[in-house]
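Residue numbers (the working numbering): 1 to 187.
Printed below as a string of structure tokens:
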């Protein structure tokens with residue numbers, strides 16, 4: 001509310017817990033007349049409501065899914081609900097390889113600047129006492145909500161989707177090379 005009073009612009013909060021313990025965001029919009037602040041309209045929206053009505057459809061499979069982040073690194077939406085509302089930096093060691101840290105830092109710098117792009121990272125999977133890493137490939141687009149940039153990231157499992165495409169491309173290149181060699185050697 002203080003931001004809206006000071007700058008006379010809409011504001012969207014990061015996720016917070018309500019008094020009943022539910023996760024929500026708050027949207028504050030100034031009511032202006034001739035650039036004079038007459039009041040503020042404030043709405044609190046439960047994340048559960050947003051997820052149920054809009055975001056649930058973004059979960060394609062265990063191998064392809066969507067995530068939404070705020071520019072500060074807060075997880076706004078993730079298929080595993082236990083991570084919603086957390087700052088990525090606080091759970092980074094739980095979810096990602098150490099080599100992915102710099103890539104994530106760059107990703108959030110890009111989001112703050114409103115840029116879109118791609119990211120490759122390694123997602124940590126704990127299987128009992130063993131830990132393995134799954135290579136992921138993601139494409140992201142940023143969008144503004146209030147004065148903040150948020151990122152919409154679609155992630156795919158490289159092993160299941162990207163690597164077969166690369167392998168197929170290599171096979172085609174190899175086949176074309178053999179055909180060209182045969183044509184030039186017979187001519």
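No residue lacks a Cβ here, since even glycine has one placed at the ideal position from N, Cα and C. In this text the structure is predicted, and so the values were computed from the model without any measurement.
Rounded C-alpha distance that separates residue i from residue j
i, j, result
"residue 18", "residue 45", "10 Å"
"residue 156", "residue 67", "11 Å"
"residue 150", "residue 26", "15 Å"
"residue 144", "residue 72", "13 Å"
"residue 38", "residue 129", "60 Å"
"residue 148", "residue 112", "8 Å"
"residue 93", "residue 14", "22 Å"
"residue 43", "residue 16", "13 Å"
"residue 22", "residue 134", "32 Å"
"residue 99", "residue 120", "10 Å"
"residue 183", "residue 170", "20 Å"
"residue 102", "residue 122", "12 Å"
"residue 79", "residue 180", "48 Å"
"residue 175", "residue 53", "49 Å"
"residue 127", "residue 160", "19 Å"
Bridge-paired residues (DSSP) for residue i
i, result
"residue 44", "26"
"residue 67", "153"
"residue 141", "152"
"residue 32", "37"
"residue 117", "140"
"residue 127", "130"
"residue 87", "74"
"residue 107", "In DSSP, residue 107 forms no bridge with anything."
CB contact check: residue i to chain D, cutoff 7 Å
i, result
"residue 104", "The chain inventory of the structure shown lacks chain D, comprising one protein chain alone."
Selection from the options that minimises the alpha carbon distance to residue i
i, options, result
"residue 9", "158, 28 and 51", "28"
"residue 70", "152, 50, 179 and 81", "152"
"residue 116", "154, 88 and 3", "154"
"residue 96", "175, 81 and 132", "132"
"residue 48", "35, 42, 77 and 34", "77"
"residue 50", "81, 30, 20 and 34", "81"
"residue 86", "24, 6, 7 and 177", "24"
"residue 124", "106, 105, 91 and 107", "91"
Sub-7 Å separation of residue i and residue j beta-carbons
i, j, result
"residue 118", "residue 139", "yes"
"residue 137", "residue 158", "yes"
"residue 75", "residue 84", "yes"
"residue 4", "residue 40", "yes"
"residue 88", "residue 114", "no"
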